[in-house]
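Written out below as structure tokens is the structure these notes cover.
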Amino acid sequence: MGSTQASAGVYRLGEPEFQRGCSDVGCAAVDALSSQAVLVATATVTCLALAALTFLHSAREAGEEERSRVTEERSALERFQRRVQKLSVGAQTPAATGNGGATLARANVAETHSDLRAVKQAYEETVMAVDHYDDDYGEPLAEHMSAEFGDDVAAAVVGGTALTPPVKRALLQKTDAAIDDRTAFLQTLSEESDSVAAASNDLGAIEHRLEGLEDRQCLQQSFPELTEAWEDLDDLEAECREVVARRQDQIQHSAGGADWRDDGHSLCAYLYEPLPVTYPALADGTLLLDRIRTTKRRVADALTRRV
1 MGSTQASAGV YRLGEPEFQR GCSDVGCAAV DALSSQAVLV ATATVTCLAL AALTFLHSAR
61 EAGEEERSRV TEERSALERF QRRVQKLSVG AQTPAATGNG GATLARANVA ETHSDLRAVK
121 QAYEETVMAV DHYDDDYGEP LAEHMSAEFG DDVAAAVVGG TALTPPVKRA LLQKTDAAID
181 DRTAFLQTLS EESDSVAAAS NDLGAIEHRL EGLEDRQCLQ QSFPELTEAW EDLDDLEAEC
241 REVVARRQDQ IQHSAGGADW RDDGHSLCAY LYEPLPVTYP ALADGTLLLD RIRTTKRRVA
301 DALTRRV
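All residue numbers for the sequence shown refer to UniProt numbering, where the first residue is 1 and numbers rise by one.
Here you go:
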């Protein structure tokens, strides 16, 4: 995962309520999602609306890119883990306690730093060698290892004297946890990708049917033809509203998205941060609803001329 963080509490164009009339499109879900400020630039909306399902296309690309990066990071962590497992550990000198006992508290000062150098080299050649490291992190080893494994493990590797059994054990445990985190996040990304793909396919089919109705010359159609067109548009509007409502429900109740950062909306804010919208499917769905309603107004106007 990249280090770019979405600004907390700020949602941009693409918020479910960025176009008025949300009461027609699952208002309960919209209200729950629209508790933050919505930043809308009318001119931008007008320009973007000219492109068909632009937001969803970009969203699918963003999702695939993130999945690729997380998969690469998991593989790098697995390679790092294998290299650490092969390293020998240094001896420890018992430190006397007040009751005459002993505890393995410090490494043998005679040990060299060679094993810890090998750990750092392995980290640099695996975890820090992913293609997107500079773009997403750009941190020195100590800082990145601290973020991944905790301050204690990072300090033991960077400032320690030897790779002791406790340090090696902690390294392997923390690496296991980091791998598990990536695996869980990949599942979350897969679920999000499936949801976005379903919305894209459904809205694409609706748009294809709408285009056929948009191309008709209303004033040249008969009353029965206009009536049929109106009914078809009614069906398309209902289907589009259903797609939007289903996507709203997925955003609101997705356990994976909520668990990821203790905020049900944070996955979208993070994943689609490069896009001009926070909720691509809802943005495209709302714009498509506007097109349907615009076409319905044209048909209604033609019908009134037949009366």
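Virtual Cβ for every residue (Gly too), placed ideally from N, Cα, C. Here the structure is a predicted model, which is why all the values come from computation and not from measurement.
Residue i and residue j: beta carbons closer than 8 Å?
{"i": "K120", "j": "L87", "result": "no"}
{"i": "A59", "j": "V157", "result": "no"}
{"i": "C64", "j": "R182", "result": "Checking the displayed sequence, the identity of residue 64 turns out to be Glu instead of Cys. Cβ distance not < 8 Å, so E64 and R182 don't count as in contact."}
{"i": "E66", "j": "L189", "result": "yes"}
{"i": "A170", "j": "V153", "result": "yes"}
{"i": "T175", "j": "F80", "result": "yes"}
{"i": "I251", "j": "Y270", "result": "no"}
{"i": "E239", "j": "I206", "result": "yes"}
{"i": "residue 309", "j": "L226", "result": "Past the edges of the chain, shown from 1 to 307, lies residue 309, and the structure says nothing about it."}
{"i": "D194", "j": "L163", "result": "no"}
{"i": "A281", "j": "Q221", "result": "no"}
If you count every other CB in all the chains shown that lies within 10 Å of the CB of residue i, and 16 or more means buried, which is it?
{"i": "F223", "result": "exposed"}
{"i": "D135", "result": "exposed"}
{"i": "D192", "result": "With the sequence shown as reference, residue 192 is identified as Glu, and Asp is not the correct amino acid for it. E192 should be labelled buried."}
{"i": "R69", "result": "buried"}
{"i": "Q217", "result": "exposed"}
{"i": "Q248", "result": "buried"}
{"i": "T304", "result": "exposed"}
{"i": "R82", "result": "exposed"}
{"i": "H144", "result": "buried"}
{"i": "F291", "result": "What sits at residue 291 in the sequence shown is Arg, not Phe. By the 10 Å Cβ count, R291 comes out buried."}
Return the Cβ separation of residue i and residue j in integer angstroms, given the expectation that the two are a contact with Cβ distance under 8 Å.
{"i": "L186", "j": "T71", "result": "7 Å"}
{"i": "E214", "j": "T295", "result": "5 Å"}
{"i": "A147", "j": "L77", "result": "About 13 Å separates the two Cβ atoms, so there is no contact after all."}
{"i": "L172", "j": "R209", "result": "With a Cβ gap of about 56 Å, L172 and R209 do not count as contacting."}
{"i": "Y272", "j": "A62", "result": "6 Å"}
{"i": "A199", "j": "L56", "result": "7 Å"}
{"i": "V84", "j": "P165", "result": "Incorrect: roughly 12 Å between the Cβ atoms, too far for contact."}
{"i": "V299", "j": "L233", "result": "7 Å"}
For chain B, check one thing: does any of its Cβ atoms lie closer than 8 Å to the Cβ of residue i?
{"i": "N201", "result": "Note that chain B does not occur in the displayed structure, where there is just one protein chain."}
>> Check whether the region 278-298 and the region 236-251 touch, using three or more Cβ-Cβ pairs below 8 Å as the test.
In response: Inter-segment contact for the region 278-298 and the region 236-251 is present: three or more beta-carbon pairs are separated by less than 8 Å.
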